[in-house]
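Undergrad: Residue numbers (the numbering used here): 18 to 494. Backbone N, C-alpha and C define an ideal beta-carbon position, used for all residues, glycine too. For reference, the structure I am asking about is given below.
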């Protein structure tokens with residue numbers, strides 16, 4: 018028997034910035050570092066782009082758009098009827114994977130353009146391998162072929178997150194899967210149980226119900242989906258999921274999942290005391306994500322993760338060590354802030370700007386927008402009513418059904434609503450549910466700066482029904 022011995026490179030390489038993770042946070046930081054002439058080392062232990070490309074935002078949103086296309090083509094109430102309409106899961110996945118590969122090639126092209134060998138003033142060096150801290154100034158990078166040590170003036174941890182495990186339920190990648198396993202399915206399951214009714218669970222319920230090939234069951238442990246959102250938003254989403262064919266099991270607890278040769282037998286226990294036995298083909302665990310830090314050995318660099326497994330950062334994305342900002346930064350899901358692609362990119366760039374003394378203003382997460390990919394979609398800027406009530410913050414609210422708008426409604430659109438509230442101690446907020454809900458997001462983000470509110474209300478284009486409702490709600494309070 019022969020053993021392959023790793024080659025150890027004893028020549029330590031020094032960089033201005035060492036980044037662990039090539040997802041949205043890490044890659045945006047690498048490119049921003051090149052802008053300032055930094056020598057950047059970008060370390061990736063898996064595929065380029067991280068979960069944001071292959072098992073996260075890009076692939077799931079591509080599937081969502083494809084499912085939406087299919088659901089529109091399948092409609093028969095708009096004066097047209099598509100004949101011979103069919104859908105093949107493998108071909109859908111091919112389209113999704115092609116989108117992911119195109120993004121990876123785009124990223125690889127940028128890395129090659131900014132390669133260290135081309136520019137002595139700076140550039141990006143991509144290293145494949147698993148990174149771990151030796152101390153707070155050096156890291157070990159281990160790949161199948163060799164082991165290297167790199168040192169850095171600054172470090173950025175952008176290792177992202179992974180699906181949260183369900184206690185007592187082991188993922189086998191075939192019948193019991195998490196979000197990483199959706200792309201490994203060979204065909205549309207005839208019946209699926211989605212465990213978890215948060216944003217990710219509701220998005221997958223939307224995707225599979227849009228394709229009309231799968232009987233979709235959604236397990237909701239509470240009495241409403243999206244438990245952290247306002248009740249009217251939650252009810253709106255639940256009603257439309259039901260209209261789309263999703264069966265929601267409210268106040269249900271998962272007792273057991275038993276494997277059979279051709280299916281899964283699931284037993285649910287409800288709060289009112291009754292139980293139900295379901296037969297499904299696939300169980301999809303969707304109960305959130307947890308940060309990915311273990312293999313990094315953060316303790317070697319003096320880092321202490323929180324109980325949630327994240328790193329505590331300041332407004333410039335610096336990790337706090339013994340209460341003081343350090344030369345180690347964190348961005349993306351590992352930072353403990355909103356797990357959004359856009360937030361990760363913003364944090365990555367912000368961290369680099371702080372490193373070179375061009376930080377400017379600190380990040381204000383209260384202005385971050387949210388878009389939930391349901392049918393219809395839900396968009397928001399700012400805190401919801403539930404969080405204001407929990408903090409005891411007084412506010413005034415206006416809820417405007419879009420059928421009261423003077424503008425034209427989208428063809429055969431379902432009912433929708435827009436909400437706006439003005440609080441005494443926090444920036445104002447805007448929420449929209451329904452077709453075209455995302456359209457007012459740029460306006461509402463800008464409008465939260467009080468100096469331009471009057472201009473927005475008076476002059477901004479009112480084409481979108483939600484933009485009109487947003488203006489009407491603002492005038493009401």
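Restricting to runs no shorter than 4 residues, where is the alpha helix (DSSP H) found entirely within the stretch 322-377?
TA: As far as the stretch 322-377 is concerned, its whole alpha helix (DSSP H) runs of at least 4 residues are 358-372.
Undergrad: Residue 251 by DSSP, collapsed to three states: which one?
TA: Three-state result, residue 251: helix.
Undergrad: Opposite residue 286 in the DSSP bridges: which residues?
TA: DSSP lists 270 and 292 as partners of residue 286.
Undergrad: Mind checking which residues open and close the beta strand (DSSP E) that includes residue 311?
TA: Unbroken run through residue 311: none, as it is neither H nor E.
Undergrad: Report yes if the CB atom of residue 360 is closer than 9 Å to the CB atom of residue 310, and no otherwise.
TA: No; because the gap between Cβ atoms is not below 9 Å, this pair is not in contact.
Undergrad: Using the DSSP secondary-structure output, state which residues sit across from residue 159 in a beta bridge.
TA: Answer is 147 and 164.
Undergrad: Which of helix, strand or coil does DSSP assign to residue 48?
TA: Helix.
Undergrad: On the DSSP letters alone, give me the boundaries of the beta strand (DSSP E) that residue 232 sits inside.
TA: Per DSSP, residue 232 belongs to the beta strand (DSSP E) from 232-236.
Undergrad: With DSSP as the reference, identify every bridge partner of residue 169, one or two as the case may be.
TA: According to DSSP, which records beta bridges pairwise, residue 169 is partnered with 32.
Undergrad: Tell me which residue opens and which closes the beta strand (DSSP E) that residue 387 is part of.
TA: First-last of the beta strand (DSSP E) with residue 387: 386-389.
Undergrad: Using 10 angstroms around the beta-carbon of residue 175, count the other beta-carbons present and answer buried if the total reaches 16, otherwise exposed.
TA: Residue 175 comes out buried.
Undergrad: Tell me where the beta strand (DSSP E) around residue 437 begins and ends.
TA: Residues 434-440.
Undergrad: What do you get for residue 49, buried or exposed, if any count of 16 or more other CB atoms within 10 angstroms of its CB means buried?
TA: Buried, because 16 or more other Cβ atoms sit within 10 Å of the Cβ of residue 49.
Undergrad: Where do the ends of the beta strand (DSSP E) carrying residue 447 lie?
TA: Element bounds for residue 447: 446-450.
Undergrad: Helix, strand or coil for residue 489 per DSSP?
TA: Of the three classes helix, strand and coil, the one that applies to residue 489 here is helix, per DSSP.
Undergrad: What does a CB cutoff of less than 7 Å around residue 55 pick up in its chain, not counting 5 residues either side in sequence?
TA: Taken in chain order, the residues that qualify are 33, 34 and 139.
Undergrad: I want to know whether the stretch 56-69 touches the stretch 40-47 - three or more CB-CB distances under 8 Å.
TA: The stretch 56-69, when compared against the stretch 40-47, does touch it at the 8 Å Cβ threshold.
Undergrad: Are there three or more Cβ pairs, one per stretch, closer than 8 Å when the stretch 145-159 is compared with the stretch 311-321?
TA: Cβ pair count under 8 Å is three or more, so yes.
Undergrad: Using 8 Å as the threshold, is the stretch 163-172 in touch with the stretch 334-351, meaning 3 or more CB pairs across them?
TA: Result yes; three or more Cβ-Cβ pairs closer than 8 Å.
Undergrad: Cutting at 7 Å between CB atoms, please list the residues of its own chain near residue 362, excluding the five before and the five after it.
TA: Closer than 7 Å at Cβ, skipping near neighbours: 41, 42 and 45.
Undergrad: Does the structure place the stretch 223-241 close enough to the stretch 264-280 that three or more beta carbon pairs sit under 8 Å?
TA: These segments touch.
Undergrad: Can you check the stretch 91-145 for any beta strand (DSSP E) of at least 3 residues that lies completely inside it and give the ranges in chain order?
TA: Whole beta strand (DSSP E) segments, 3+ residues: 140-145.
Undergrad: List the endpoints of the continuous beta strand (DSSP E) containing residue 222.
TA: Note, residue 222: premise wrong, no beta strand (DSSP E); alpha helix (DSSP H) at 216-228.
Undergrad: What did DSSP end up calling residue 299 once you bin it into helix, strand or coil?
TA: Strand, per DSSP.
Undergrad: Does DSSP put residue 19 in a helix, a strand or coil?
TA: Because residue 19 sits at a pLDDT of 46, beneath the cut-off of 50, its placement in the model cannot be relied upon, and the following sentence gives the value as read from the coordinates. Residue 19 falls in the coil class under three-state DSSP.
Undergrad: Based on DSSP bridge pairs, tell me the residues matched to residue 61.
TA: According to DSSP, which records beta bridges pairwise, residue 61 is partnered with 145.
Undergrad: What are the boundary residues of the beta strand (DSSP E) that includes residue 175?
TA: Looking at the DSSP string, residue 175 is not in any beta strand (DSSP E), and its letter there is neither H nor E.
Undergrad: Any contact between the stretch 236-246 and the stretch 94-103? By contact I mean 3 or more CB pairs, one from each, below 8 Å.
TA: Flag = no, the stretch 236-246 and the stretch 94-103 do not touch.
Undergrad: Taking the alpha helix (DSSP H) that residue 405 belongs to, which residues open and close that run?
TA: Element bounds for residue 405: 402-408.
Undergrad: Could you pull out every residue in the same chain whose Cβ sits closer than 6 Å to the Cβ of residue 388, ignoring the five residues on either side in sequence?
TA: Same-chain partners within the cutoff: 396 and 455.
Undergrad: On the CB-based measure, 16 or more other CB atoms within 10 Å of its CB, does residue 84 come out buried or exposed?
TA: Residue 84 should be labelled buried.
Undergrad: Considering only their Cβ atoms, is the gap separating residue 384 from residue 365 smaller than 9 Å?
TA: It is not a contact, given that the beta carbons lie outside the stated cut-off.
Undergrad: Suppose you measure from the CA of residue 446 to the CA of residue 220; what does that come to, to the nearest Å?
TA: Whole-angstrom Cα-Cα distance: 23 Å.
Undergrad: Below 8 Å, how does it come out for the stretch 282-295 and the stretch 194-205: are there three or more Cβ pairs, yes or no?
TA: No: the two stretches stay apart, fewer than three of their Cβ pairs being nearer than 8 Å.
Undergrad: Quick check on this structure: which residue in 268, 489 and 65 has the alpha carbon closest to the alpha carbon of residue 124?
TA: Of 268, 489 and 65, the residue nearest in Cα terms is 65.
Undergrad: So, under 8 Å CB-CB, residue 213 and residue 126 are touching, yes? Tell me the CB distance rounded to an integer number of Å.
TA: 37 Å between Cβ atoms; not a contact.
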